[in-house]
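Below is one structure, written out as structure tokens; comments come after it.
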Amino acid sequence: MKLPNYIKKLKFYFPILILVLFINKINAQEKVDSTRIIRPMPKIVKQQTEKAEKEWLKLWNEGPVKLVWDKMPLQEGDEAPDFELKNSSNELIKLSDLWSEKPMLLIFWRHTGCGCGFARAAEIRKQYDSITKMGIQVVTITQAEPERAAFYAKEQGLKGQLLSDPNYQVYRAYDLLDGNGPQILGTANIDYSIGKKLQEDRSGTQRALVDNPWLLPGEFIIDKSGLVQFTYRYNNCDDIPEYWQLEAELKAVAEKE
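Right, dumping it as structure tokens:
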């Protein structure tokens, strides 16, 4: 008994179909976003993350609170506000002790679960050696506690000093504002009721929703005398400064020293 032609064709193409499906499955696995996978954390980092998630949800439900300046913001030529903060090794570090040694690129980070921070970390990894060769140090202020900041730095490959400002005191002293809906989320129509669901979906991953959801980042260049030589406040969370501009400003400061 002869098999129908369509059966013969099916027998011929079936192994090919299986191979294609297998290859697609392998490719899909390779494309999985590792930042969305739950990963193990040290006990103290897990505890701090859980606390920071509660902070995020509270501030998310309240909405942005500081959208405009109530005074002239810190600008070029002003004295940089000086603070003593803990670094990722839990040591107290005074900003002025750092900038008195060499000029500083001071970066205020978004919350550690924000994808915009991942993008900035990738840029910093590429630029770090070039920046430090100019005689400029890179100092990053995060919203995370020292242990959580150290864990984040290791995951993101960040170098340089990481300092902790979990109460956002230094962020505000450098006149960093909250973003509104379009600046943070790309939409003015915010459904605040989805916050808890969003957080549950990302809990335990690198993208965990923690700390202040609204606070925008900023970057400043401070010379050895403690004067601000460059200010850059983000207009949205991924408004990363162009490196050609940053490099020119850094070189100008380095050449004066």
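Per the numbering used here, the very first residue in the sequence shown carries number 86; after that it's consecutive. Backbone N, C-alpha and C define an ideal beta-carbon position, used for all residues, glycine too.
Q.
Looking at the secondary structure, which residues open and close the beta strand (DSSP E) in which G303 lies?
A. Counting along the chain, the beta strand (DSSP E) containing G303 begins and ends at 303–307.
Q. Hey, how far is the Cα of T197 from the Cα of A229?
A. Cα to Cα, T197 sits roughly 7 Å from A229.
Q) CB-CB under 7 Å to R210, same chain, minus the five flanking residues each way: which ones, in chain order? A) Counting only Cβ-Cβ distances below 7 Å, and skipping sequence neighbours, we find G242.
(Q) Quick check on the burial criterion: 16 or more other C-beta atoms within 10 angstroms. Buried or exposed for V295? (A) V295 comes out buried.
Q: Please name the residue, chosen from A235, L283, R287, P298, that lies closest to N265 on a Cα-to-Cα basis.
A: Sorting A235, L283, R287, P298 by C-alpha distance to the C-alpha of N265 places P298 at the top.
Q. Within the 8 Å Cβ cut-off, does Y253 reach chain C?
A. Checking the listed chains, one finds no chain C in this structure; it contains a single protein chain.
Q) If you draw a straight line from the C-alpha of L191 to the C-alpha of S181, how long is it? A) Cα-Cα distance, rounded: 12 Å.
Q: For my contact list, D263 and L152 are in at a C-beta cut-off of 8 Å; report their separation, rounded to the angstrom.
A: D263 to L152, Cβ: 6 Å. Contact.
Q: Identify whether F315 lies in helix, strand or coil by the three-state DSSP scheme.
A: Note: F315 maps to strand in three-state DSSP.
Q) From the DSSP output, which residues share a beta bridge with V224? A) DSSP lists L191, Q246 as the bridge partner or partners of V224.
Q: Within the same chain, show all residues whose beta-carbon is closer than 6 Å to that of N175, passing over the 5 residues directly before and after it, in chain order.
A: Only P231 meet the Cβ criterion.
Q. Is Y319 near W145, with beta carbons less than 8 Å apart?
A. When the beta-carbon positions are compared, Y319 and W145 stay at least 8 Å from each other.
Q.
Considering only their Cβ atoms, is the gap separating L248 from N321 smaller than 8 Å?
A. Annotated as distal: N321 and L248, with beta-carbon spacing of 8 Å or more.
Q.
Quick check on the burial criterion: 16 or more other C-beta atoms within 10 angstroms. Buried or exposed for E161?
A. With fewer than 16 other Cβ atoms within 10 Å, it is exposed.
Q: To the nearest angstrom, report how far apart E147 and T316 are at their CA atoms.
A: The alpha-carbon atoms of E147 and T316 are separated by roughly 28 Å.
Q: In angstroms with no decimal places, state the Cα-to-Cα distance between D260 and L159.
A: The alpha-carbon atoms of D260 and L159 are separated by roughly 6 Å.
Q | Integer Cβ distance of I307 from Q246, believed to fall under 8 Å | A | Not really, about 13 Å apart at Cβ, beyond 8 Å.
Q. How is the beta strand (DSSP E) around I178 delimited, first residue to last?
A. Start and end: 177–179.
Q) If you draw a straight line from the alpha carbon of P326 to that of A235, how long is it in whole angstroms? A) Across the structure, P326 and A235 are spaced so that their CA atoms are roughly 24 Å apart.
Q) Taking G328 as the reference, which of T120, P251, K341, Q212 has the closest Cα? A) The residue asked about is misnamed: residue 328 is Tyr in this sequence, not Gly. Ranking T120, P251, K341, Q212 by CA distance to the CA of Y328 puts Q212 first.
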